[in-house]
Amino acid sequence: MYKYRIGASFTFSFLRNPDSTYHTQNWKTKVQSPSSGVKDSKQVKMSNEAPTIPLLTPYKMGNFNLSHRVVLAPLTRQRSYGNVPQSHAILYYSQRTSKGGLLISEATGVSDTAQGYPDTPGIWTKEQVEAWKPIVDAVHAKGGVFLCQIWHAGRVSNTGYQPNGQAPISSTDKPLSPRISSNGIDVAQFSPPRRLRTDEIPLIVNDFRLAARNAIEAGFDGVEIHGAHGYLIDQFLKDKVNDRTDNYGGSLENRSRFALEIVEAVANEIGAERVGIRLSPFADYSEAGDSNPKPLGLYLAESLNKYDIAYCHMVEPRMKTVAEKVECPHSLQPMRKAFKNTFLVAGGYDREDGNKAIVENRADLVVYGRIFLANPDLPRRFELNGPLNKYNRETFYTSDPVIGYTDYPFLEATT
Ligand SMILES: Cc1cc2nc3c(=O)[nH]c(=O)nc-3n(C[C@H](O)[C@H](O)[C@H](O)COP(=O)(O)O)c2cc1C
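Counting from 1, one number per residue, gives the positions in the sequence shown under full-length UniProt numbering.
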């Protein structure tokens, strides 16, 4: 039995058996403990106790007692007709709920200017808040912890999604080139954005604050601020987009100001212990790359400590775009070390890789996107080391309330 220190504040005892199936080739010969160094396999074999799968060990994130570390990633599914969550989402989210499991909702618009895709949900109207309630209740009924990912698309939008056909807002007025849509078929057209005036920025910060308040009203346990993947917050963070000359552009401090003001406003509104943020410093999705991503990620991780928020969720550098894994020399380790509270990682993880991230103390929780989308009982499959359903990319964003949404089979049904 080895003692592991996980994150800044939580220690738990860990049982390992080198014969358990989660071990990688490496682990069979040596097992790395963050506190005690390398153990040889003989020492490990002395334990007669049942194997423990690292991903399935409990974790305390502030006030949330999680029973395992397999987190549902935020996944846009474009089935919220007219920006209102629909009753089919009750089944979808409850299928992916396990007792003590953490779920992050699909990106949810903070205002009527936030949208950039068809049928993504919002949380700025009373109707939307009411529509979320039975979905959140269903997750809670099964013992899940549910966070709402609050989001603004910024310039990843066009006038068709904007009130009165106005231009999308951004940190810049630089337009985005048309690109093949996430469905791989259509060409997404973006309208030239309108650069926010300095005096308008507090209004957008306030939209995030109100959205967080609404999320709590809807019953969510907290929010994740979407600061990743080239959307509005990222359009401020990254120097390849942000060409401002005011207090919100130029230096790292200035480019990070908008994100941190949102964190502060949201934390003050609903309590820091209910707030997380997602960041992707290394990604360049929607032409939002940075010429110096590591200092940017580090600066953010360090600055976030001031607000004492529950977690920082970072997307692996190997994910240049949302769903494309590439080889890459960068690492999230400096940010993991710099951030004092819970650290979540996402991007291209499988069971082996996720277990390894936990054992090597590279993350506290591992976030799964595509394989959780296709395997509603993912934690159970990890427990049994069961086979995985393959995901069907063609139905990621189609609007059918069942197909590709709630019809992925459970393991028990397939065996
Ligand atoms: C269908 C789909 C929808 C996604 N929607 C969101 C989203 O709403 N918010 C977000 O932050 N990331 C979104 N992502 C990114 C995922 O959360 C995740 O980071 C990405 O899929 C990589 O993880 P994976 O390899 O486990 O799938 C989406 C990805 C996919 C495939």
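In this text, a Cβ means the ideal position worked out from N, Cα and C, and glycines have one as well. Computed from a predicted structure; not experimentally measured.
Ignoring anything shorter than 3 residues, give me the beta strand (DSSP E) runs that lie fully in the segment 140-212, in order along the chain. 145-151
Would you please verify whether the beta carbon of Asn361 is less than 7 Å from any beta carbon of chain C? In the displayed structure, chain C is absent; only one protein chain is listed.
Length of the line joining the Cα atoms of Phe258 and Val70: 30 Å
Those residues which DSSP pairs with Tyr368 across a bridge: Leu72
Beta carbon of Phe163, beta carbon of Ser191: below 7 Å? For the record, residue 163 in the displayed sequence is Pro; it is not Phe. No, Cβ-Cβ distance for Pro163 and Ser191 is not below 7 Å.
Buried versus exposed call for Ser98 [16 or more other C-beta atoms within 10 Å across all chains shown]: buried
Quick one: residues in its chain with C-beta nearer than 8 Å to the C-beta of residue 420, no 5 flanking neighbours on either side, listed in chain order? Missing from the structure shown is residue 420; the chain here goes from 1 to 415 and no further.
Would you decide whether Pro387 is buried or exposed? Buried here means 16 or more other CB atoms lie within 10 Å of its CB. exposed
Within 7 Å, strictly: CB atoms of Leu298 and Pro334: yes
Quick one: residues in its chain with C-beta nearer than 6 Å to the C-beta of Ala363, no 5 flanking neighbours on either side, listed in chain order? Phe343, Val345 and Ala357
Name the one or two DSSP bridge partners that Asn83 has. The partner list for Asn83 (beta bridge, DSSP) is empty, contrary to what the question assumes.
Glu224 versus Glu412: straight-line alpha-carbon distance, rounded: 32 Å
For Ile309, the nearest candidate out of Pro54, Gly271 and Asp221 (CA to CA): Gly271
Unbroken alpha helix (DSSP H) run spanning Lys255, endpoints: Reading off the sequence shown, one finds Arg at residue 255, where the question assumed Lys. First-last of the alpha helix (DSSP H) with Arg255: Leu252 to Ile270.
Cβ shell of Trp151 (< 7 Å), same chain only, five flanking positions each side left out: Ala107, Thr108, Gly109, Val110, Ala114, His226 and Tyr231
Hey, how far is the Cα of Gln25 from the Cα of Asp350? Legend: pLDDT at Gln25 = 28, less than 50; position of this residue unreliable, no value from coordinates given.
Please list the terminal residues of the continuous beta strand (DSSP E) segment that includes Lys60. Tyr59 to Met61
Pick out whichever of Asn206, Gly289 and Ile104 has its Cα sitting closest to the Cα of Ala267. Asn206
What are the partner residues of Phe282, as DSSP defines its beta bridges? BP columns for Phe282 are empty, so no partner.
If you draw a straight line from the C-alpha of Leu75 to the C-alpha of Cys312, how long is it? 18 Å
What is the C-beta distance between Ala138 and Ser67, in whole angstroms, given that I count them as a contact (C-beta under 8 Å)? Contact flag wrong, Cβ pair sits at about 18 Å.
Going by the beta-carbon positions, is the gap between Ala338 and Val315 smaller than 7 Å? no
Thr76 beta carbon near ligand 1 (any heavy atom closer than 6 Å): yes
Expressed to the nearest angstrom, what Euclidean distance is found between the alpha-carbon atoms of Thr125 and Tyr117? 18 Å
Rounded distance between the beta-carbons of Asp353 and Arg274, thought under 8 Å: Actually they are not in contact, since the Cβ atoms of Arg274 and Asp353 sit about 29 Å apart, beyond 8 Å.
DSSP-derived helix/strand/coil call for Val275: strand
On the CB-based measure, 16 or more other CB atoms within 10 Å of its CB, does Ala73 come out buried or exposed? buried
Going by C-alpha distance, which of Pro175, Asn247, Gly62 and Gly347 is nearest Val145? Gly62
In or out: Gln43 buried (at least 16 other Cβ within 10 Å) or exposed? Only weak support exists for where Gln43 lies, its pLDDT of 33 falling under 50; the value from the coordinates is given anyway. Classification for Gln43: exposed.
DSSP-derived helix/strand/coil call for Tyr311: strand
Could you have a look at Gly227 and say whether DSSP puts it in helix, strand or coil? strand
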